[in-house]
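Student: Dumping the structure here so I can ask a few things about it.
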Amino acid sequence: MELRKVSGGCEDGDCPAVYLSDTGTLVFQGTPVERADGLRLGPGERAGEDYRILDLTEKSIDLPQQDFWLFDDSTVALLNFNDDGTLRNRELADPSELDKYRSLRDLALAKAASFLEYRT
């Protein structure tokens, strides 16, 4: 079996190393796995995308209702939706508010779980 490390370690040292075998099986070093059904990676994750889930069902985080995308850490696009959830329009945020949106992004990422953590 050939293993390729896909993730491993964290700042506090309590994170397992994760390897992907040549047969597509995930191997965890350091933590027992109880629910293997959620351990499959999607194509984007295999390519290095970092999906994160911010589950607000049991948390209260001070985030605005305004949805936004931050491109290249320098351009903010505000997404405006209709009541039925469809996209109404998008607009560029005032560049003077860039630091505000960077802070909101950092807060959301700090509270979010990786997709793999969320599924297991």
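In our numbering, the protein residues as written are 1 to 120.
Even glycine gets a Cβ: it sits at the ideal position worked out from N, Cα and C.
#1: Quick one: what does DSSP say Ala112 is sitting in, helix, strand or coil?
#2: Using C-beta distances below 7 Å, list every residue in its chain close to Asn82, excluding the 5 sequence neighbours before and after it, in chain order.
#3: Can you give me the C-alpha to C-alpha distance between Arg52 and Arg119, rounded to a whole angstrom?
#4: I'd like to check one pair, Glu49 with Val76: are the Cβ atoms closer than 8 Å?
#5: Compute the beta-carbon to beta-carbon distance between Leu78 and Glu91, rounded to the nearest angstrom, for a pair I have assumed lies under 8 Å.
#6: Taking only three categories from DSSP, how would you classify Tyr51?
#7: Give me the residue from Tyr19, Asp73, Lys59 and Gly24 with the minimum Cα distance to Ala113.
#8: Would you verify that the beta carbon of Ser114 is, or is not, closer than 8 Å to some beta carbon of chain C?
#9: Where does Lys59 sit, in a helix, a strand or coil, going by DSSP?
#10: What would DSSP say about Glu2, mapped onto helix, strand or coil?
#11: If I follow the unbroken beta strand (DSSP E) through Ala77, where does it start and stop?
Tutor: Considering the structure as presented:
#1: coil
#2: Arg88
#3: If I take the Cα positions, the gap works out to 11 Å.
#4: no
#5: Indeed they touch by this definition, with Cβ atoms about 5 Å apart.
#6: coil
#7: Lys59
#8: Annotation note: the requested chain C is absent from the structure, which comprises a single protein chain.
#9: coil
#10: coil
#11: Thr75 to Phe81
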